[in-house]
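Since the structure comes first, as structure tokens, the remarks are kept for the end.
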Amino acid sequence: ELKVEQNPLFLSMQEGKNYTIYCNYSTTSDRLYWYRQDPGKSLESLFVLLSNGAVKQEGRLMASLDTKARLSTLHITAAVHDLSATYFCADSGSNYQLIWGAGTKLIIKP
Amino acid sequence: DARVTQTPRDKVTEMGQEVTMRCQPILGHNTVFWYRQTMMQGLELLAYFRNRAPLDDSGMPKDRFSAEMPDATLATLKIQPSEPRDSAVYFCASGKTSGTEQFFGPGTRLTVL
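Sequence order for the protein chains is A and B.
Following the working numbering, the numbering of the first sequence begins with 932 at its first residue and continues without gaps.
Following the working numbering, the numbering of the second sequence begins with 11 at its first residue and continues without gaps.
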């Protein structure tokens, strides 16, 4: 069964702290995607990771991909309230569709 | 600025009524997806098109849901008859090719009373 598991599913943290969201996938894919969804909004593409060892950074968010471990991470540095959202990872392991994780709801308290 | 568009943005209807949702994918994208999102079930894939041909609609209740792409600029999702359990946000997404980054529309929030 193709699956993508995110951990944790819910995270409440204080501003200024660092944390990591983990995304494990079951296929041999070398492409992994991260999306952000604000409450009541659509999904917005954050990062596209296209090969083993790929690292992408934007502001306080950094995503990486380890295809050997079938693991991607989304690291948050010195969190700020504006980063509160639900974060999804998706794997392109199927031949036509993305396999989605359940999402990690991140709440950052001032 | 190329975007996926969806209409209507909000729809409130009564049980038993027909609902049609429309999506305009990004020009040049050859894959179109319909998703449904609820608090309980999360994000579910309903149907998928490539080059306007339906390739997978296994996630869709066949007795009441139908999805079509009458042309490259329009995808439709129809529910007939609608039921309260169909209340959800329906997203359309498009992509350049299979298995690549998907770009989501703003969604249609459907409420069936």
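Using N, Cα and C, we set each Cβ at its ideal position, and we do this for glycine too.
For clarity, every value in this text was computed on a predicted model and none was experimentally measured.
- According to DSSP, residue pairing for A:Y964 in a beta bridge involves A:V979, A:A1021.
- Annotation: A:V1011 is outside any beta strand (DSSP E) and is labelled neither H nor E by DSSP.
- Contact annotation: the stretch 1010-1028 of chain A touches the stretch 57-76 of chain B, with at least three C-beta pairs closer than 8 Å.
- When C-alpha distances from A:L974 are compared across A:K1040, A:P1041, A:M944, A:T1017, the shortest belongs to A:T1017.
- Excluding residues up to 5 positions away in sequence, A12 lie with their Cβ nearer than 7 Å to the Cβ of B:L37 in the same chain.
- Shortest Cα-Cα distance from A:Y956 to any of A:D997, A:Y966, A:A985 involves A:D997.
- In this structure, the alpha-carbon of A:L980 lies about 26 Å from that of A:S943.
- If you draw a straight line from the Cα of A:H1006 to the Cα of A:K987, it is about 10 Å long.
- Sequence-ordered contacts of the stretch 934-964 of chain A with chain B read S960, R962, Y964 [C-beta pairs closer than 9 Å].
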